[in-house]
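Colleague:
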Amino acid sequence: MILQVNNVSKRFGGLQALSGVSFELPEGQIMGLIGPNGAGKTTTFNVINGVYPPDTGTVVFKGSDITGAKTYEIARQGLARTHQIVKPLNELTVRENVIVGACFGRQNLPLGQATDVANEVMEFVGLGKRADQLAGSLNVGQKKRLEMARALAARPYLLLLDEVLAGLNPSEITRMTEIVHKIREQGISIIMIEHVMQAVMSVSDFVLVLDFGKPIAYGTPTEVANDPKVIEAYLGDPKLAEQLSSHDPVS
Amino acid sequence: MSMLKNLRNPGLWLWMAIVLAVGLWPVITQRASTREEIFTVLLSVVLASSLNILLGYTGYVSFGHIVFFGLGGYVGLFLITAYGWSLWPAMLAGGISSAFLALLLGQAILRLRGAYFALATIGINEAMRAFINNFEPFGGPTGISLNFSVYNDYGGAANALWMLYGVMLALALLNILLSYVVKSSKFGLGLLAIREDEDAAEVMGVVTPRAKTWAYVLSAFLPGVVGVLFFFKNGNIEPPQAFRLHMSIEMLVMVMLGGYGTILGPVLGAAGYQRLRGLLLTSDLFKNIQLTVAGVLLLVIILFIPAGFVGWLRNRFPKLRRFLP
Numbered sequence: 001m002i003l004q005v006n007n008v009s010k011r012f013g014g015l016q017a018l019s020g021v022s023f024e025l026p027e028g029q030i031m032g033l034i035g036p037n038g039a040g041k042t043t044t045f046n047v048i049n050g051v052y053p054p055d056t057g058t059v060v061f062k063g064s065d066i067t068g069a070k071t072y073e074i075a076r077q078g079l080a081r082t083h084q085i086v087k088p089l090n091e092l093t094v095r096e097n098v099i100v101g102a103c104f105g106r107q108n109l110p111l112g113q114a115t116d117v118a119n120e121v122m123e124f125v126g127l128g129k130r131a132d133q134l135a136g137s138l139n140v141g142q143k144k145r146l147e148m149a150r151a152l153a154a155r156p157y158l159l160l161l162d163e164v165l166a167g168l169n170p171s172e173i174t175r176m177t178e179i180v181h182k183i184r185e186q187g188i189s190i191i192m193i194e195h196v197m198q199a200v201m202s203v204s205d206f207v208l209v210l211d212f213g214k215p216i217a218y219g220t221p222t223e224v225a226n227d228p229k230v231i232e233a234y235l236g237d238p239k240l241a242e243q244l245s246s247h248d249p250v251s
Numbered sequence: 001m002s003m004l005k006n007l008r009n010p011g012l013w014l015w016m017a018i019v020l021a022v023g024l025w026p027v028i029t030q031r032a033s034t035r036e037e038i039f040t041v042l043l044s045v046v047l048a049s050s051l052n053i054l055l056g057y058t059g060y061v062s063f064g065h066i067v068f069f070g071l072g073g074y075v076g077l078f079l080i081t082a083y084g085w086s087l088w089p090a091m092l093a094g095g096i097s098s099a100f101l102a103l104l105l106g107q108a109i110l111r112l113r114g115a116y117f118a119l120a121t122i123g124i125n126e127a128m129r130a131f132i133n134n135f136e137p138f139g140g141p142t143g144i145s146l147n148f149s150v151y152n153d154y155g156g157a158a159n160a161l162w163m164l165y166g167v168m169l170a171l172a173l174l175n176i177l178l179s180y181v182v183k184s185s186k187f188g189l190g191l192l193a194i195r196e197d198e199d200a201a202e203v204m205g206v207v208t209p210r211a212k213t214w215a216y217v218l219s220a221f222l223p224g225v226v227g228v229l230f231f232f233k234n235g236n237i238e239p240p241q242a243f244r245l246h247m248s249i250e251m252l253v254m255v256m257l258g259g260y261g262t263i264l265g266p267v268l269g270a271a272g273y274q275r276l277r278g279l280l281l282t283s284d285l286f287k288n289i290q291l292t293v294a295g296v297l298l299l300v301i302i303l304f305i306p307a308g309f310v311g312w313l314r315n316r317f318p319k320l321r322r323f324l325p
């Protein structure tokens, strides 16, 4: 198991953001994390990568307990993430942004080698031509790819992708989905939060569904899509439930 | 390897040569008045460039940076008068004391972000002044005065002034080089990442508490060193002189005027500001309100050219970037 989350709870004032979330992720697999807005998906990420310590429960990454560790300590152990609301280092170039990822990530590379890694990763996500542009001048789709590139440059064992497809147009979604597939081929484990159902269903090995901070379903995409509790959680949008159950995840 | 390659930047050496040439000008002409003018500019270059490591690279606004200048000066003069130290170890001790103060303060206040950090730094300067005012070993409110005979070891007062000028020039050049080396290093990249988005930097693995503390320590060291030099030249040091809050603000104006986060910005900012200040002080209309003009200047820069002079040039003419480090 690359990641074990055991009975994690987190409360913000009067809001129980997470209660009793547990799951395990085998190495090299992709887990989709879905649920209605406010279900606690991003909070789960924040607890895993150390932005918030959980109130109860433990997070074990590659066999070592990282509960309550600092984000930078966890990053250096090989866990990288992207942000739902992109956080580009605006006044630095795209290349410099990616070099930061390579320099301070798992491999802790010196500048020269980090530059080589950055160049390679920028080509991989299709930002090669933008390398010398300031990150602040990119459009939304490019900024999402920059987030991805920075995370990949760290050479992580586990990658947390927070809505990398949100706000992208259909051709950009196709492209990004291809990138996710290629990352998995490199043996990197992935947890992805996604609202674009077709994408998450086609890419994931397992899906965990959260609702009001509680896990309500866990299983293969087909199992989850046919789970009555999941359909109920999404009932605000019956069409989506229909879409979920009609989709063939085997492709 | 990459560090050596980085040092091949043509702009760095061009501007180091320009600063050296300007610095040597009074030596060639042997004019004491020009020497004093340029001494003030070089002092400002050191203070502004040092502050730039914290303000420009790391994005933390320190309103009380002059505390390191004052503390260094006090420690240095104390060691010279009480223990008969020579100037050189005293300068080093002044720098180390300031750096050590920054190390201690860093643990406490670098957790604060934005306006809270800025407010804390003002508090530190005022607290230090009040403390020294009541600290008898440092002479309390009367401060420390040097005996005139102390200059005899340096060939008499007239020669000492030239020598101190030469040391100041060397320190200014050293500071420009240091700014450059820091900015082009991995450590510097971590600082820039913190400036742009501290949370993102942490998520990418930048050990922010350590990086910020070292930036603070580095930005405090040379102000401490030049504090000893300045007050040694001055002959005495008193609390109100050593911890002038408005000098902290002038340092900020210089960095912002020239362009924060660039190597050249604080250098041109210091020269430009001191030139302006000289003109204002000699004009009947402005001599009493020169600080007001500094305040207005800061406001105008932040509103209209937040990148400062060098930053504006770099954005306007990307091809010239090589020559505008």
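Those sequence lines, one after another, are chains W and S. So in this note's numbering, the last spot in the first sequence is 251, and the numbers never skip. So in this note's numbering, the last spot in the second sequence is 325, and the numbers never skip. Using N, Cα and C, we set each Cβ at its ideal position, and we do this for glycine too.
#1: What residues of chain S sit near W/T93, judged by a beta carbon separation below 9 Å?
#2: Let me make sure I understand the geometry here. Which of S/E202, S/L291, S/G188, S/L54 has the alpha-carbon closest to that of S/H246?
#3: Based on the DSSP output, what are the partners of S/S145 in its beta bridges?
#4: So, using beta-carbon positions, are W/G68 and W/M192 closer together than 8 Å?
#5: DSSP state of W/T18, grouped into three classes?
#6: Counting along the chain, where does the beta strand (DSSP E) carrying W/G219 start and finish?
#7: Taking only beta-carbon atoms, is S/T208 less than 8 Å away from chain W?
#8: Among the residues of its own chain, which have a CB less than 6 Å from the CB of S/I80, if the five just before and after it don't count?
#9: If we call anything under 8 Å between Cβ atoms a contact, is W/G209 one with W/I34?
#10: Buried or exposed: which applies to S/I66, given that a residue is buried once 16 or more other Cβ atoms fall within 10 Å of its Cβ?
#11: If you follow the alpha helix (DSSP H) that W/V51 is in, where does it begin and where does it stop?
#12: In chain order, what residues of the region 138-153 of chain S put their CB closer than 8 Å to some CB of chain W?
#13: By DSSP's criteria, W/E24 is part of a beta bridge. Which residues make up the other side?
#14: Within 8 Å (strictly less), CB to CB, does W/V250 reach chain S?
#15: Exposed or buried, S/V300, counting other C-beta atoms within 10 Å across all chains shown (16 or more means buried)?
#16: Does DSSP classify W/D65 as helix, strand or coil?
#17: How about S/V228 and S/G73: are their beta carbons less than 8 Å apart?
#18: For W/K10, which three-state DSSP category applies?
#19: S/S98 by DSSP, collapsed to three states: which one?
#20: When we look at the beta-carbon of W/I183 and count the other beta-carbons within 10 Å, is it buried (16 or more) or exposed?
#21: Mapping the DSSP letters down to three states, classify W/V250 as helix, strand or coil.
#22: Just how far apart, CA to CA, sit S/L264 and W/S22?
#23: Among the residues of its own chain, which have a CB less than 7 Å from the CB of S/V203, if the five just before and after it don't count?
#24: Reducing DSSP to helix, strand and coil, say where S/I18 ends up.
#25: W/P54 to W/S9, Cα distance in whole Å?
#26: Per DSSP, W/D211 forms a beta bridge with which residues?
#27: Hey, is W/N90's beta-carbon within less than 8 Å of any beta-carbon in chain S?
#28: Which residues, taken in chain order from the region 194-206 of chain S, show a beta carbon closer than 9 Å to some beta carbon of chain W?
#29: Quick one: what does DSSP say S/F69 is sitting in, helix, strand or coil?
#30: With DSSP collapsed to three states, give me the class of W/L160.
#31: Let me check understanding here. Comparing Cα to Cα, which of S/S219, S/L298, S/R314 lies closest to S/F69?
#32: Would you tell me roughly how many angstroms separate the C-alpha atoms of W/G126 and W/V200, rounded to the nearest one?
#33: Tell me whether the region 161-169 of chain W and the region 102-112 of chain W touch, counting them as touching only if at least three CB pairs, one residue from each stretch, are closer than 8 Å.
#34: Please confirm whether any heavy atom of the ligand HEM lies closer than 7 Å to the CB of W/N139.
#35: What residue from W/L158, W/H195, W/V196 has the CA that sits closest to W/Q29's CA?
#36: Between the Cα of W/A151 and those of W/N37, W/R76, W/T82, spot the shortest distance and give me the residue it belongs to.
Modeller: Walking through what the data contain:
#1: Residues of chain S passing the Cβ test: none, with the nearest at roughly 11 Å.
#2: S/L291
#3: S/N236
#4: no
#5: Before going further, note that residue 18 of chain W is Leu rather than Thr in the sequence given. In this structure, W/L18 counts as strand in the three-state DSSP scheme.
#6: Start and end: 214-219.
#7: yes
#8: A90
#9: Going by the sequence as given, residue 209 of chain W is Val instead of Gly. Against a cut-off of 8 Å, the Cβ pair of W/I34 and W/V209 comes out as a contact.
#10: buried
#11: Taken as a continuous stretch (DSSP letters only), W/V51 belongs to no alpha helix (DSSP H), as it is neither H nor E.
#12: none
#13: W/Q4
#14: Note that W/V250 scores 47 on pLDDT, short of 50, meaning its location in the model is unreliable; the coordinates nonetheless yield the value given after this. Chain S, which has no Cβ nearer than 8 Å to the Cβ of W/V250, makes this no.
#15: exposed
#16: Reduced to three states, the DSSP call for W/D65 is strand.
#17: yes
#18: Of the three classes helix, strand and coil, the one that applies to W/K10 here is strand, per DSSP.
#19: Residue state for S/S98 is assigned as helix, using DSSP reduced to three classes.
#20: buried
#21: With a pLDDT of 47 at W/V250, under the threshold of 50, the modelled position of this residue cannot be trusted, and the question is left open.
#22: So the alpha carbons of these two residues sit roughly 54 Å apart.
#23: none
#24: helix
#25: 6 Å
#26: Bridge partners of W/D211: W/K214.
#27: yes
#28: R195, E196, D197, D199, A200, A201, E202, V203, M204, G205, V206
#29: helix
#30: strand
#31: For the residues S/S219, S/L298, S/R314, the minimum Cα distance to S/F69 belongs to S/S219.
#32: Distance between the alpha carbons of W/G126 and W/V200: 21 Å.
#33: no
#34: The ligand HEM is not part of this structure, which contains no ligands at all.
#35: W/L158
#36: W/T82
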